[in-house]
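Numbering (the working numbering), first residue to last: 549 to 770.
See structure below.
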């Protein structure tokens with residue numbers, strides 16, 4: 549019998565929480581920025597916010613939350629192709645919970661299409677997940693506490709003092725407003741590593757017939 553699986557239940561599931569924790573440990577050992585609970589929980593809430601603001605029903609927003617919190621579990625296997633391996637892992641975990649096949653399809657499709665190398669905004673949940681994931685840039689994701697050994701990813705993330713994602717009042721534009729400390733990293737450096745991700749956000753917004761816009765230090769750049 550199909551079961552109504554909630555975001556709250558997923559957060560209380562010890563197996564899924566273990567996969568999230570161990571996936572982040574694997575990335576930490578490779579020198580990547582934080583991909584643990586602060587990241588996946590923020591992605592979950594932002595993805596749900598996007599769909600709610602655009603008038604989607606509560607269950608669709610809930611499925612986006614579930615996809616958001618589970619989207620990086622594939623890193624426990626390998627960083628390469630982690631979106632696809634994570635989708636397969638999510639399928640098994642959710643199928644064991646007797647979640648309806650239609651809902652599982654939406655979640656695994658979003659997870660399998662969130663990485664920029666192969667990402668595609670196929671439906672509302674996948675589009676919202678892409679935007680939520682790729683706009684999570686912030687100082688607290690940097691693990692390295694030695695500024696002298698920062699690589700470009702550390703510098704760019706650490707330089708972001710403020711990041712806010714919000715819709716315009718008429719919902720025609722989704723604006724990412726960044727405040728970057730240019731003493732730590734230039735705006736050009738930001739786009740050196742994030743341009744592909746920002747263009748992917750633009751493509752995902754197009755799915756919703758919404759314009760994606762960026763402000764960096766008060767200046768429109770996209």
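A virtual CB, placed ideally from N, CA and C, is assigned to each residue, including glycine.
No experiment lies behind these values; they were computed from the predicted model shown.
If we ignore side chains and look at the alpha-carbon of each, how far apart do residue 769 and residue 762 end up? Counted from its first residue, the chain shown places residue 769 at position 221. Counted from its first residue, the chain shown places residue 762 at position 214. The straight-line gap from Cα to Cα measures roughly 6 Å.
Residue span of the alpha helix (DSSP H) that contains residue 721, given as start and end: The residue given as residue 721 occupies position 173 in the chain shown. Unbroken run through residue 721 is the beta strand (DSSP E), 721-728; no alpha helix (DSSP H).
Thinking C-alpha only, which one of 732, 676, 702 and 689 is nearest residue 757? Translated into the one-based positions of the chain shown, residue 757 becomes position 209. With distances taken between Cα atoms, residue 757 lies closest to 676.
Can the beta-carbon of residue 706 be found closer than 8 Å to that of residue 743? As a working note, residue 706 is residue 158 in the chain shown. As a working note, residue 743 is residue 195 in the chain shown. No, Cβ-Cβ distance for residue 706 and residue 743 is not below 8 Å.
Host alpha helix (DSSP H) of residue 572 (start-end): Within the chain shown, numbered from 1, the residue matching residue 572 stands at position 24. 562-577 is the span of the alpha helix (DSSP H), which, as asked, contains residue 572.
With distances taken between CB atoms, is the gap from residue 620 to residue 583 smaller than 8 Å? As a position in the chain shown, residue 620 is number 72, starting the count at 1. As a position in the chain shown, residue 583 is number 35, starting the count at 1. Yes, the pair counts as a contact, with Cβ atoms nearer than the cut-off.
Check whether the region 598-608 touches the region 688-698, counting contact only when three or more Cβ pairs, one atom from each stretch, lie closer than 8 Å. no
Could you name the residues of the same chain whose beta carbon sits closer than 8 Å to that of residue 657, not counting the 5 residues immediately before and after it, in chain order? Taking the chain shown and counting its residues from 1, the one referred to as residue 657 is at position 109. So the list reads 635, 670, 671, 673 and 674, once near-sequence residues are dropped.
Contact set for residue 575: own chain, Cβ-Cβ below 6 Å, skip 5 residues either direction: The count along the chain shown starts at 1 and reaches residue 575 at position 27. Excluding positions up to five away in sequence, the list reads 583 and 623.
Can you tell me the Cα-Cα spacing of residue 550 and residue 740, whole angstroms? The residue you call residue 550 lines up with position 2 of the chain shown. The residue you call residue 740 lines up with position 192 of the chain shown. Those two C-alpha atoms are separated by around 46 Å.
Would you mind reading off the limits of the alpha helix (DSSP H) that contains residue 677? As a working note, residue 677 is residue 129 in the chain shown. Per DSSP, residue 677 belongs to the alpha helix (DSSP H) from 672-682.
Per DSSP, cross-strand counterpart(s) of residue 767: The residue labelled residue 767 in the question sits at position 219 within the chain shown. DSSP lists 764 as partners of residue 767.
I'd like to confirm the pairing. Which residues does DSSP put opposite residue 710 in its beta bridges? Your numbering for residue 710 matches position 162 in the chain shown. In DSSP, residue 710 forms a bridge with 727.
Nearest-angstrom Cα separation, counted from residue 716 out to residue 579: Against the chain shown, residue 579 aligns to sequence position 31. Against the chain shown, residue 716 aligns to sequence position 168. When rounded, the distance between both Cα atoms is 36 Å.
Return yes when the Cβ of residue 581 is within less than 8 Å of the Cβ of residue 701, no when it is not. What you label residue 701 is simply residue 153 of the chain shown in a count that begins at 1. What you label residue 581 is simply residue 33 of the chain shown in a count that begins at 1. Against a cut-off of 8 Å, the Cβ pair of residue 581 and residue 701 comes out as a contact.
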